[in-house]
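Enquirer: For the record, the sequence lines run as chains V and P. For reference, each letter of the first sequence is one residue, going 1 to 157 in the numbering used here. For reference, each letter of the second sequence is one residue, going 1 to 120 in the numbering used here. The beta-carbon is built from N, C-alpha and C at its ideal position, and this holds for glycine as well.
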Amino acid sequence: MDECHSNQSPSVPLAAVLELVAMQLEVAMQNAAAQAERLSGSVAAFTIIGARMRATNDPKLAEFAQSIEEEAARAMMAMQFHDQLAQRVTHVRDALGDLHDELLAGNTPDWNELVAKMRAHYTMEDERRLFDLVMWAFPDATGKRDEEALQSSVELF
Amino acid sequence: MTRMIMTVDDSTSMRQMVKATLQSAGYGVVEASDGQEALDYARENTVDLVISDVNMPRMDGITLVHELRTLATYRLTPLLLLTTESSQEKKMEGKRAGATGWIVKPFNPTQLLATLQKLL
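(1) Which chain P residues are close to G50/V, counting only those with a beta carbon under 8 Å from its beta carbon?
(2) Where does R15/P land, buried or exposed, given buried means 16+ other C-beta within 10 angstroms?
(3) So T47/V packs on T21/P, CB below 8 Å; how close in whole Å?
(4) Using the beta-carbon count (16 or more within 10 Å), is V29/P buried or exposed?
(5) What do you reckon, are the CB atoms on G101/P and T83/P nearer than 8 Å?
(6) Excluding the 5 residues preceding and the 5 following T110/P in the sequence, name in chain order all residues of the same chain whose CB lies nearer than 8 Å to its CB.
(7) Would you mind telling me which residues of chain P sit closer than 7 Å to V43/V, beta carbon to beta carbon, in chain order?
(8) On the DSSP bridge list, what partners appear for V50/P?
(9) Which two residues bound the contiguous alpha helix (DSSP H) that contains L114/V?
(10) What are the residues in the region 115-131 of chain V lying within 7 Å of chain P by C-beta distance?
(11) On the DSSP letters alone, give me the boundaries of the alpha helix (DSSP H) that G41/V sits inside.
(12) Can a CB atom of chain P be found closer than 8 Å to the CB of G143/V?
(13) CB Y17/P to CB A34/V, shorter than 8 Å?
(14) Roughly how many angstroms separate the alpha carbons of E125/V and N107/V, rounded to a whole number?
(15) Is it right to say Q88/P is buried, meaning 16 or more other beta carbons lie within 10 angstroms of its own, or is it exposed?
(16) What is the DSSP secondary structure of L99/V, reduced to helix, strand or coil?
Right, here's the structure in full:
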């Protein structure tokens, strides 16, 4: 372990560290995905149970059904943050992958080009803003999560 | 007759939740795990509305919308994109491809059903 990569250019062990990080993120995501599917399956089941109770037209059951459906809807919105989290982790992993590939190729990267390529992996507005804040110190960038990113929005064209 | 809706997402948990929301309102649901699977299904079958994620392996949601619009049976079908993508640029790309609407995740089940009622 002590001798690991000791005779190589510093970019080689650095690339190995990045690869390790990517693998650890992948394992963590796979483990979490299995549990998230179990949870979302349960939330989905409660939604259907609520709908079936409502369909009986029994006033007492309908009252219970409304509570169940409201709770299930809240849980459903909360559960979707796992999907967002998985995407955020994937974006970080893919951006680090670009850096890893450059280091391994032994190139002297064009920094601006590489940063632009890494930025392209981020698809959410608040991810891009945080990236710009840290990488470019954009004065109008903010690391705070945008409240809008926490809310659903529907736009019909 | 039961209205059929196709939900397209590479995330199993997202498909489960969209499917349950739609079924609770009486819609029939077909699932596809990426754009290619959805397009293959659409070439052989007709659905009344499609709700698709954008970033997916094999074929993304915007390409799916573009391809569906080339099929005569899907020229007027409402096609909604449901995504974490909130950039105006990407939204316009979806609109140009022929999408009917853009929904940013997390979706609100009540809001989603109200949107479907408007479109169907």
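Expert: With the structure as the only source:
(1) Correct list: S24.
(2) Classification of R15/P: buried, given that the 10 Å Cβ count is 16 or more.
(3) Right, their Cβ atoms sit about 6 Å apart.
(4) By the neighbour-count rule (16 or more Cβ atoms within 10 Å), V29/P is buried.
(5) Judged by their CB atoms, G101/P and T83/P are not nearer to each other than the 8 Å cut-off.
(6) Around T110/P: no qualifying Cβ.
(7) Under the 7 Å cutoff, chain P gives M17.
(8) Beta bridge pairing from DSSP links V50/P with M6/P, L79/P.
(9) Taken as a continuous stretch (DSSP letters only), the alpha helix (DSSP H) holding L114/V covers 111-119.
(10) Listed by position along the chain: T123, M124, E125.
(11) 11-55 is the span of the alpha helix (DSSP H), which, as asked, contains G41/V.
(12) Residue confidence is low: G143/V scores 47 on pLDDT, short of 50, so the model does not pin down where it sits. Its coordinate-derived value is still stated next. No, no contact with chain P.
(13) It is Met, not Tyr, that sits at residue 17/P in the sequence shown. Cβ atoms of M17/P and A34/V: not closer than 8 Å.
(14) Rounded to the nearest angstrom, the gap between the Cα atoms of E125/V and N107/V is 31 Å.
(15) By the 10 Å Cβ count, Q88/P comes out exposed.
(16) Three-state result, L99/V: helix.
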